[in-house]
Amino acid sequence: MRSNGLKGLMVDVRNALGMVLSPNYPEEYGNNMNCVWLIITETESRIHLIFNDFDVEPQFDYLTVKDDGMADSTVLGTFSGDDMPSQLASNGHVARLEFQSDHSTTGRGFNITYTSTFGIAVFQGLGLRYILSEVLS
0 MRSNGLKGLM
10 VDVRNALGMV
20 LSPNYPEEYG
30 NNMNCVWLII
40 TETESRIHLI
50 FNDFDVEPQF
60 DYLTVKDDGM
70 ADSTVLGTFS
80 GDDMPSQLAS
90 NGHVARLEFQ
100 SDHSTTGRGF
110 NITYTSTFGI
120 AVFQGLGLRY
130 ILSEVLS
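Quick note on numbering that gives the first Met the number 0: the sequence shown kicks off at 0 and runs consecutively.
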């Protein structure tokens with residue numbers, strides 16, 4: 000899959016859980032990908048990420064998870080290769096996922112489940128307001 004130009008998607012899921020998939024998952028993602036997903040939940044909630052599948056080209060393709068919606072936010076983790084990352088939790092109600100691939104080898108990509116929690120209770124009905132997904136190349 001090769002993307003030319005800017006593509007954006009805004010989805011109002013109104014759920015406390017959902018999935019983030021790499022482009023073309025479970026088939027191989029494309030070369031020269033630059034993708035950003037923003038997950039924004041209710042204020043005072045946190046976002047939990049559970050990795051179900053992860054397979055990207057080691058060293059050259061990677062997924063970075065950040066603890067806010069800004070490009071210069073604190074990095075919670077950067078992942079490459081096919082080792083399954085551990086679960087992650089944001090400190091606030093916004094998480095940013097950035098995926099980049101280079102010009103050569105690709106992989107299956109990733110499948111991530113997110114949940115939104117308020118305090119210590121899961122699925123309180125507060126839920127996810129929206130996900131903004133951009134694919135740039």
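Every residue gets a Cβ at the ideal spot worked out from N, C-alpha and C, and that includes glycine.
When the Cα atoms are used, what is the spatial distance from residue i to residue j?
{"i": "V93", "j": "P25", "result": "26 Å"}
{"i": "Y28", "j": "I38", "result": "21 Å"}
{"i": "I46", "j": "S115", "result": "5 Å"}
{"i": "R107", "j": "Q58", "result": "15 Å"}
{"i": "D60", "j": "L16", "result": "26 Å"}
{"i": "T69", "j": "F98", "result": "Just to set this straight, residue 69 is Met in the shown sequence, not Thr. Using only the alpha carbons, I get a separation of about 15 Å."}
{"i": "N30", "j": "D82", "result": "21 Å"}
{"i": "S44", "j": "T105", "result": "35 Å"}
{"i": "E41", "j": "S85", "result": "24 Å"}
{"i": "F50", "j": "T112", "result": "6 Å"}
{"i": "F78", "j": "P22", "result": "16 Å"}
{"i": "V74", "j": "D67", "result": "9 Å"}
{"i": "S72", "j": "V64", "result": "9 Å"}
Is the beta carbon of residue i less than 8 Å from the beta carbon of residue j?
{"i": "V35", "j": "R95", "result": "yes"}
{"i": "V55", "j": "G76", "result": "no"}
{"i": "M32", "j": "S100", "result": "yes"}
{"i": "N110", "j": "D52", "result": "yes"}
{"i": "L48", "j": "L87", "result": "yes"}
With H, G and I counted as helix, E and B as strand and the rest as coil, what does DSSP make of residue i?
{"i": "R107", "result": "coil"}
{"i": "S100", "result": "coil"}
{"i": "S115", "result": "strand"}
Tell me, please, whether the CB atom of residue i is closer than 8 Å to any CB atom in chain C?
{"i": "V93", "result": "Here chain C cannot be found, since the structure has a single protein chain."}
Along the chain, which unbroken stretches of the beta strand (DSSP E) at least 3 residues long are found entirely within the stretch 18 to 80?
Whole beta strand (DSSP E) segments, 3+ residues: 33 to 40, 44 to 54, 61 to 65, 74 to 78.
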